[in-house]
Amino acid sequence: MIPEIGHYALILALCVALVQGILPIYGAAVGNSSLMSVAAPAARSLFFLVLIAFGCLAYAFAEKDFSVLYVAATSNSQLPLHYRLAAIWGAHEGSLLLWTFILTIWMFAVTLFSSHLPETMRSRILGVMGLVSVGFLLFMLSVSNPFERLIPAAAEGRDLNPLLQDPGMVLHPPMLYMGYVGFSVAFAFALAALLGGNLDAAWARWSRPWTTVAWCFLTVGIALGSWWAYYELGWGGWWFWDPVENASFMPWLAGTALIHSLAVTDKRGGFKVWTVLLAIMAFSLSLLGTFLVRSGVLTSVHAFATDPKRGMFILAFLAVVIGGSLVLYAWRAPRVGLGGGFATVSREGLLLANNVLLVTAAASVLLGTLYPLFMDALDLGKISVGPPYFDSVFAPLITPALFLMGIGPLAQWKKASLPDLGKRLRWAFGVSIVTALVLPIVLGEWTPLLSLGILLAVWIFATAVVSVRERIAHGDGGSVVARLAGVPRAYWGMLLAHCGIAVFVVGVTMVKGFETEKDVRMNVGETATIGDYTFRFDGVRDVMGPNYVAAQGAFHVSRDGREAAVLHPEKRRYTATNQIMTEAAIDTGLVRDLYVSLGEPLDDGAWSVRLYHKPFVDWIWGGCLIMALGGVLAVSDRRYRLSWRREPQTVPVGAQLAGRQMA
Amino acid sequence: MLIVMLVLSGPTWAGEARPLADDPVVEARLKRLAVELRCLVCQNQTLADSDAPLAEDLRREVRGMIVKDMSDEEIIDFLVSRYGDFVLYRPPLKATTTLLWVGPFVLLVGGGIALVVALRRRGRKVEEVVITDDEHRRVEQLLSQGVKRP
Amino acid sequence: MNKFLLPLTIFGIMLGFLAVGLTLNPREIPSPLVGKAAPVFSLPQLHEQDKVFSPDDMKGQVWLLNFWASWCSGCRTEHPVLMDLANSGLVPIYGVDYKDQRGEALAWLDEWGNPYPIVAVDAAGRVGIDYGVYGVPETYVIDKQGLIRYKQIGPLDDETVEKKILPLVKELQAK
Chain S
1 MIPEIGHYAL ILALCVALVQ GILPIYGAAV GNSSLMSVAA PAARSLFFLV
51 LIAFGCLAYA FAEKDFSVLY VAATSNSQLP LHYRLAAIWG AHEGSLLLWT
101 FILTIWMFAV TLFSSHLPET MRSRILGVMG LVSVGFLLFM LSVSNPFERL
151 IPAAAEGRDL NPLLQDPGMV LHPPMLYMGY VGFSVAFAFA LAALLGGNLD
201 AAWARWSRPW TTVAWCFLTV GIALGSWWAY YELGWGGWWF WDPVENASFM
251 PWLAGTALIH SLAVTDKRGG FKVWTVLLAI MAFSLSLLGT FLVRSGVLTS
301 VHAFATDPKR GMFILAFLAV VIGGSLVLYA WRAPRVGLGG GFATVSREGL
351 LLANNVLLVT AAASVLLGTL YPLFMDALDL GKISVGPPYF DSVFAPLITP
401 ALFLMGIGPL AQWKKASLPD LGKRLRWAFG VSIVTALVLP IVLGEWTPLL
451 SLGILLAVWI FATAVVSVRE RIAHGDGGSV VARLAGVPRA YWGMLLAHCG
501 IAVFVVGVTM VKGFETEKDV RMNVGETATI GDYTFRFDGV RDVMGPNYVA
551 AQGAFHVSRD GREAAVLHPE KRRYTATNQI MTEAAIDTGL VRDLYVSLGE
601 PLDDGAWSVR LYHKPFVDWI WGGCLIMALG GVLAVSDRRY RLSWRREPQT
651 VPVGAQLAGR QMA
Chain A
664 MLIVMLVLSG PTWAGEARPL ADDPVVEARL KRLAVELRCL VCQNQTLADS
714 DAPLAEDLRR EVRGMIVKDM SDEEIIDFLV SRYGDFVLYR PPLKATTTLL
764 WVGPFVLLVG GGIALVVALR RRGRKVEEVV ITDDEHRRVE QLLSQGVKRP
Chain C
814 MNKFLLPLTI FGIMLGFLAV GLTLNPREIP SPLVGKAAPV FSLPQLHEQD
864 KVFSPDDMKG QVWLLNFWAS WCSGCRTEHP VLMDLANSGL VPIYGVDYKD
914 QRGEALAWLD EWGNPYPIVA VDAAGRVGID YGVYGVPETY VIDKQGLIRY
964 KQIGPLDDET VEKKILPLVK ELQAK
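Residue numbers (the working numbering), protein chains in the order written: chain S, 1 to 663; chain A, 664 to 813; chain C, 814 to 988.
#1: May I ask which residues mark the beginning and end of the alpha helix (DSSP H) holding S:R573?
#2: Is A:L782 close to chain S? Criterion is C-beta to C-beta, closer than 8 angstroms.
#3: Which word fits S:P648, buried or exposed, when buried means at least 16 other C-beta atoms lie within 10 angstroms of its C-beta?
#4: Taking C-beta to C-beta, are S:V301 and A:N707 nearer than 8 angstroms?
#5: Buried or exposed: C:N815, going by 16 or more other Cβ atoms within 10 Å of its Cβ?
#6: Thinking just about the alpha-carbon of each residue, which of C:W881, C:V894, C:G887 and C:Y953 is nearest to the one in C:L919?
#7: Mind listing, in chain order, the continuous alpha helix (DSSP H) runs of no fewer than 4 residues lying wholly within the region 235 to 306 of chain S?
#8: Hey, out of S:A247, S:T104 and S:K414, whose CA is closest to S:V132's CA?
#9: Distance, Cα to Cα, S:V632 vs S:Y491?
#10: Would you mind sorting S:N578 into buried or exposed? The rule is 16 or more other CB atoms within 10 Å of its CB.
#11: Grab the span of the beta strand (DSSP E) containing S:S558 for me, first residue to last.
#12: Below 8 angstroms on the Cβ atoms is my guess for C:E891 versus C:P968; work out the distance and round it to an integer in Å.
#13: Ordered along the chain, which non-local residues of its own chain (more than five positions away) have a Cβ less than 6 angstroms from that of S:W619?
#14: Could you say which of C:S901, C:C888, C:I906 and C:E841 lies nearest to C:D913 if we only look at CA atoms?
#15: Once the 5 residues before and after S:R149 are set aside, which same chain residues still bring their CB inside 8 angstroms of it?
#16: Quick one: what's C:G933 bridged to in DSSP?
#17: Select from the region 744 to 763 of chain A all residues with a C-beta closer than 7 angstroms to any C-beta belonging to chain C, and list them in chain order.
#18: For the putative contact between A:Y746 and S:P388, defined by C-beta atoms under 8 angstroms, what is the C-beta separation to the nearest angstrom?
#19: Might you give, ordered along the chain, the residues of its own chain that have their beta carbon closer than 8 angstroms to the beta carbon of C:P980, omitting 5 neighbours on each side?
#20: Can you tell me the Cβ-Cβ gap for S:A193 and S:R122, rounded? I've got them flagged as a contact below 8 angstroms.
#21: Mind pulling the chain A residues with CB within less than 8 angstroms of C:D943?
#22: Going by DSSP, name the residue or residues bridged to S:M405.
#23: Compare the beta carbon distance of S:N599 and S:N523 with 8 angstroms and say whether it is the shorter of the two.
#24: Please state whether the Cβ-Cβ distance between S:V466 and S:L410 is less than 8 angstroms.
#25: I think S:G270 touches S:V264, with their Cβ atoms under 8 angstroms apart; what is that distance to the nearest whole Å?
#26: List, in order along the chain, the chain C residues whose C-beta lies closer than 8 angstroms to that of S:L443?
#27: If we define contact as Cβ-Cβ less than 8 angstroms, is S:S184 a contact residue for chain C?
#28: Flag this pair as yes or no: are the beta carbons of S:I222 and S:F249 separated by less than 8 angstroms?
#29: Using a Cβ cut-off of 9 angstroms, which residues of the region 842 to 860 of chain C contact any Cβ in chain A, in chain order?
#30: Going by DSSP, what residue range makes up the beta strand (DSSP E) through S:E600?
#31: Among S:W621, S:A9 and S:A343, which residue has its Cα nearest to the Cα of S:V50?
#32: Say whether chain C places a C-beta atom closer than 8 angstroms to the C-beta of S:I322.
#33: Starting from C:Y947, find everything on chain A with Cβ-Cβ shorter than 8 angstroms and list it in chain order.
#34: Under 8 angstroms by Cβ, that's how I've got C:V865 and C:P857 pegged, so tell me the actual separation to the nearest angstrom.
#35: Given this structure, state the Cα-to-Cα distance separating C:E975 from C:V894, to the nearest angstrom.
#36: Exposed or buried, S:W459, counting other C-beta atoms within 10 Å across all chains shown (16 or more means buried)?
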């Protein structure tokens, strides 16, 4: 009964989505206010309907209803409740429902926070989002129904893949989807602006917080995925340039470029057309990612089970959404005028250079990901494009971007002087070079890459310090504290996000430069040493989990004679599927991780064990977290909160004019 | 007797664990090669990380070749002649992969040129607009009314 | 061309490739050995263990080399096709028992039938690697000069035999 309610809710949702997609946009085109006012109620009803559907599926999982095919395929009676619920998005159909649900969450948020927008814009935005949801609902109802029944019901479920039975599964997909799907808001803003013809600085200002919040979620989502792979897969890797990983990284790169481009359009009204195109590109890359992961076109450890019918549907959907938006772009963009001008060397110029670098990076990742497909389609043979390619291509592209990150915030708008910048940054540059040359030697090993990584990280930190000092020196207000208080939050957010990247760079550089690994055979009582740390193997005992049995090892780790950690890696056998899984044990530290992975039992009672010492590895994900916090801080800036309160003085003049034209 | 008991009650004699592989140098070289080779039966894993039977066989093969002192090129040729370029995660530079390897660089240079051209052209266009005296006065009026922006 | 149409054009091209991609299998690895000499080997036979089998024995004939194993379910699926082909007498099929146990292989053949005049035993999978085998079953069509002319990845079915294997075999036999 409950699954049928969920199914029916989805059918109703499709009808509402159609209404939401068509009426408000038509209303905005002809100036019909009552049609436009359909948008917000429709969006809210859509949210509640999809919420009901999601709730029904959750109920089916919670109650172990194996008469629902999807539940039987991904769950099991011995699976603990939190994983039963996480299994909702464990496979294709359910993850689509999650996608749609999150889309409706964003729609709902737009209805709450868009009262300051002109009605035409608002209706167009919600209309576009409605049309996107039509695609997903239609997809689910036609070839990917999560509520399909299994008659007769299965006695037992097939269980969730043990690799997915992890807290990472609870958080990573929802965070990731909040990001991916969140770019649909920026996309909708862009299309609304193209439809209305009112591309001005105000549009950029309104889009910015939405884009930034989506970006924050995506950053956290990708970081969680990387961290999860690191501790789950057992060999300490955290990024493989796998097609599915790339599918999430490309929107992130485009989204980062978009945030910076929006800053230019917001502040100076320039490059509106480019910003609109970027907004379309960011969401298109999200959709493309959805296609790549589910169509079977690329091989990946993360890919969902495939079916040609599904692939064709998504491809058609891509053609309509992306093709349609690019047609709109080709048609409307030429009419948009230029904004304010600026010199080549200026903050705008530097921000756009950032764009060129990031978009080239995204395009290169796309090229590498799809190239095997291109070659196969043209019958030129089968190749693999993996980490060696991506590492070689990505690093040279991102290095200049990181370097520019130090200069950009210090450059003046409209026109900056290179000699002036050089003078102000002399000290920072000097400190960076010296540290880059000296530190690796102090730490024990000098390689060019190690030095480069340290150079970039220190450069970003040093230029941040210079920037803050200048702000204090030139701020209004008496004391240092007063001056700092006068600095807008958006600035602190930017600084924090940039420093987050520097932290990330430190993590990557140190791990790649100094990580050590040892593959040993250990008998009880034997020790192995990595660096300062001594690992002593204290034997293996059997333990019972909720749905698995495991051989649990015990390792005492000591440093200089004092105990540093006790680690318990496991070798699990999940009873439902008989699958074996290695659960590594990690001691997380601020400046290093100690990682132990049990291998196989050997003939003489010994075990093969893999030990890792990974310095600064947590700075990788810590850096991402700091980046996201920076974004949140930026969004909480006064100017956004004020604009929500509709104070006339703070609404930009352009917006008022635009509002009047459309009424 | 007392000495025996003291010895037995103390910490267990900790022997140093032996490396899993017979020859760590060979193993290190194997790892370096295997990390860039593809496991052919897996869904995108390296030869180094995979547990598949074929992966173990191929690692054994490569180890044997390293022991026989074959060079990296010879080992890679051995695998490519049997499994094709698919087995390499670093795509070889050939006529068909030129676009792949050169593409990013071309895009970067192209993008950079496009940016500089666009900025220069824009700079010129904007300079062509002349402000009249009336507009000047209006601007001063607005500025003197002054709204403190956040 | 209008520069605003550029994104759409690029997208259109990519869409075309993706559409073609839906018809392809990214995990199927074509063999670089097609057109080259079949790698030499000399393996003990399954039934008469003191005898060996080598591709050199087959020079002057067109024949099929089929890698199979008793633990492989795809081999079970293609078995009736092999039996039919063997019984037709059009082309001999020689087997390589890949990474298997002798007892189980013999039992498997006893139960389902033996389409092979001779079965060679590749216990370690070494010859499989030389032939670029990455799964079983895989079948090679080898011509009179000992060159590999075609590789079938996965189980053979009646359609492939009719449309690809037999015409090729006839063509090679005429040479």
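The C-beta atom is built at its ideal place from N, Cα and C for all residues, glycine as well.
In short:
#1: Sequence index remark: in the first sequence, residue 573 of chain S carries index 573 (1-based). No alpha helix (DSSP H) contains S:R573, which is instead part of the beta strand (DSSP E) from E570 to Y574.
#2: Your numbering for residue 782 of chain A matches position 119 in the second sequence. So yes, A:L782 belongs to the interface.
#3: Looking up residue 648 of chain S in the first sequence gives position 648. In this prediction, S:P648 scores a pLDDT of 44, lower than 50, which makes its location untrustworthy; the coordinate-derived value is nonetheless stated afterwards. It is exposed - the Cβ of S:P648 has fewer than 16 other Cβ atoms within 10 Å.
#4: Counting from one through the first sequence, the residue named residue 301 of chain S turns up at place 301. Counting from one through the second sequence, the residue named residue 707 of chain A turns up at place 44. Yes, these two residues count as a Cβ contact at 8 angstroms.
#5: Position 2 of the third sequence holds residue 815 of chain C. Here C:N815 is exposed: its Cβ has fewer than 16 other Cβ atoms, across all protein chains shown, within 10 Å.
#6: Numbered from 1 along the third sequence, position 106 holds the residue referred to as residue 919 of chain C. For the residues C:W881, C:V894, C:G887 and C:Y953, the minimum Cα distance to C:L919 belongs to C:W881.
#7: Runs found: 243 to 268 and 272 to 295.
#8: Sequence index remark: in the first sequence, residue 132 of chain S carries index 132 (1-based). It is S:T104 whose Cα lies nearest to the Cα of S:V132.
#9: To locate residue 632 of chain S, count along the first sequence from 1; it is residue 632. To locate residue 491 of chain S, count along the first sequence from 1; it is residue 491. Roughly 12 angstroms separates the two Cα atoms.
#10: Reading the first sequence from its first residue, position 578 is the one you call residue 578 of chain S. Counting Cβ neighbours within 10 Å, S:N578 comes out exposed, since fewer than 16 surround it.
#11: Here residue 558 of chain S refers to the residue found at position 558 of the first sequence. Start and end: Y548 to R559.
#12: Locating residue 891 of chain C in the third sequence gives position 78, where the first residue counts as 1. Locating residue 968 of chain C in the third sequence gives position 155, where the first residue counts as 1. Indeed, because the Cβ distance is near 3 angstroms, the residues count as touching under 8 angstroms.
#13: Translated into positions along the first sequence, residue 619 of chain S becomes position 619. Answer for S:W619: V503, V506 and G507, listed in chain order.
#14: Within the third sequence, the letter at position 100 stands for residue 913 of chain C. Comparing Cα positions, the closest option is C:C888.
#15: If you number the first sequence from 1, residue 149 of chain S lands on position 149. Contacts found: P3, S67, V68 and L69.
#16: In the third sequence, residue 933 of chain C corresponds to position 120, counting from 1. Just to set this straight, residue 933 of chain C is Ala in the shown sequence, not Gly. The partner list for C:A933 (beta bridge, DSSP) reads C:Q858 and C:V909.
#17: S744, R745, Y746, G747 and F749
#18: On the second sequence, position 83 is the one that residue 746 of chain A refers to. On the first sequence, position 388 is the one that residue 388 of chain S refers to. That belief does not hold up - the Cβ atoms of A:Y746 and S:P388 are roughly 17 angstroms apart, past 8 angstroms.
#19: For the purposes of this step, residue 980 of chain C is taken as residue 167 along the third sequence, with counting starting at 1. Nothing listed; no residue qualifies.
#20: Start at 1 with the first residue of the first sequence, and residue 193 of chain S comes out as number 193. Start at 1 with the first residue of the first sequence, and residue 122 of chain S comes out as number 122. The Cβ separation is near 12 angstroms, so there is no contact.
#21: The residue labelled residue 943 of chain C in the question sits at position 130 within the third sequence. Result: R745.
#22: Along the first sequence, read from residue 1 onward, the residue named residue 405 of chain S stands at position 405. In DSSP, S:M405 forms no bridge with anything.
#23: For the purposes of this step, residue 599 of chain S is identified with residue 599 of the first sequence, where counting begins at 1. For the purposes of this step, residue 523 of chain S is identified with residue 523 of the first sequence, where counting begins at 1. At residue 599 of chain S the sequence reads Gly, which differs from the Asn that was named. In this structure, S:N523 does not lie closer than 8 angstroms to S:G599 by Cβ.
#24: Here the question's residue 466 of chain S lines up with position 466 in the first sequence. Here the question's residue 410 of chain S lines up with position 410 in the first sequence. Yes, Cβ-Cβ distance for S:V466 and S:L410 is below 8 angstroms.
#25: The residue given as residue 270 of chain S occupies position 270 in the first sequence. The residue given as residue 264 of chain S occupies position 264 in the first sequence. S:G270 to S:V264, Cβ: 6 angstroms. Contact.
#26: Reading the first sequence from its first residue, position 443 is the one you call residue 443 of chain S. Near S:L443 there are no residues of chain C at all, since even the closest Cβ is about 42 angstroms away, more than 8 angstroms.
#27: For the purposes of this step, residue 184 of chain S is identified with residue 184 of the first sequence, where counting begins at 1. No, S:S184 does not count as interfacial toward chain C.
#28: Position 222 of the first sequence, counting from 1, holds the residue named residue 222 of chain S. Position 249 of the first sequence, counting from 1, holds the residue named residue 249 of chain S. Contact: yes.
#29: I842, P843, S844, P845, L846, K849 and P852
#30: Here residue 600 of chain S refers to the residue found at position 600 of the first sequence. Segment R592 to P601, the beta strand (DSSP E) holding S:E600.
#31: As a first step, residue 50 of chain S is located in the first sequence; it is residue number 50 there, counting from the start. Cα-wise, what sits closest to S:V50 is S:A9.
#32: Residue 322 of chain S sits at position 322 when you count from the first residue of the first sequence. Yes - at least one Cβ of chain C is within 8 angstroms of the one on S:I322.
#33: Along the third sequence, read from residue 1 onward, the residue named residue 947 of chain C stands at position 134. Ordered by position in chain A, the residues that pass the 8 angstroms Cβ test against C:Y947 are L703, V704, L717 and Y746.
#34: Counting from 1 along the third sequence, the entry for residue 865 of chain C is found at position 52. Counting from 1 along the third sequence, the entry for residue 857 of chain C is found at position 44. About 6 angstroms separates the two Cβ atoms, so the contact holds.
#35: Numbered from 1 along the third sequence, position 162 holds the residue referred to as residue 975 of chain C. Numbered from 1 along the third sequence, position 81 holds the residue referred to as residue 894 of chain C. So the alpha carbons of these two residues sit roughly 11 angstroms apart.
#36: On the first sequence, residue 459 of chain S is found 459 positions in, with the first residue counted as 1. Buried is the call here.
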